[in-house]
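Its first residue numbered 19, the sequence shown is counted upward by one per residue in this note's numbering.
Each residue gets a CB set at the ideal place from its N, CA and C atoms; glycine is no exception.
Model, not experiment: these values are computed from the prediction.
Working notes, beginning with the structure itself.
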Amino acid sequence: MGDFNEGPLTGSSQAVNLGPLYANSSPLVDCYSLPTFSVGNRPGTFDSCGLPNRFDYVFISQSLQPFFQRGEVFRRGLWGSRKTRPTDWDTYPEMEDSTQQASDHAAVVMELSI
19 MGDFNEGPLT GSSQAVNLGP LYANSSPLVD CYSLPTFSVG NRPGTFDSCG LPNRFDYVFI
79 SQSLQPFFQR GEVFRRGLWG SRKTRPTDWD TYPEMEDSTQ QASDHAAVVM ELSI
């Protein structure tokens with residue numbers, strides 16, 4: 019899991035350099051492909067959260083997939099590089115500008131019931 023610094027080019031593609039993680043023989047499952055995973059209003063995790071800015075991933079083993087309950091991209095602590103408060107997602111009301119953001123990346127969260 020983490021910031022892999024590469025996003026997909028289109029909604030139907032995967033990040034090119036991450037191809038081996040998505041290969042049919044891979045034992046891993048990308049959280050974004052799971053049915054109850056929510057990306058919210060924007061598909062990415064960095065700055066403006068556009069699709070090419072989907073840099074952050076969580077992969078789980080296929081054996082853990084049955085235990086997946088839900089997941090989301092959590093952006094409340096993300097402001098990005100813009101001058102004004104983001105309007106495509108909710109932010110903490112205490113934040114007044116980008117210098118107060120928790121990170122320039124949103125958190126990718128998954129819940130497993132083990």
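- Taking the Cα positions, residue 40 is about 18 Å away from residue 86.
- Counting along the chain, the unbroken beta strand (DSSP E) around residue 46 starts and ends at 46 to 48.
- According to the DSSP assignment, residue 89 belongs to no alpha helix (DSSP H) but to the beta strand (DSSP E) extending over 86 to 92.
- Non-local C-beta neighbours of residue 70 in its own chain, meaning closer than 8 Å and more than five positions away in sequence, comprise 25, 26, 27, 62, ordered along the chain.
- Residue burial is scored here from C-beta neighbours: residue 74 has at least 16 other C-beta atoms within 10 angstroms and is therefore classed as buried.
- Collapsing the DSSP output to three states places residue 20 in a strand.
- Taking C-alpha positions only, residue 34 is separated from residue 23 by approximately 11 Å.
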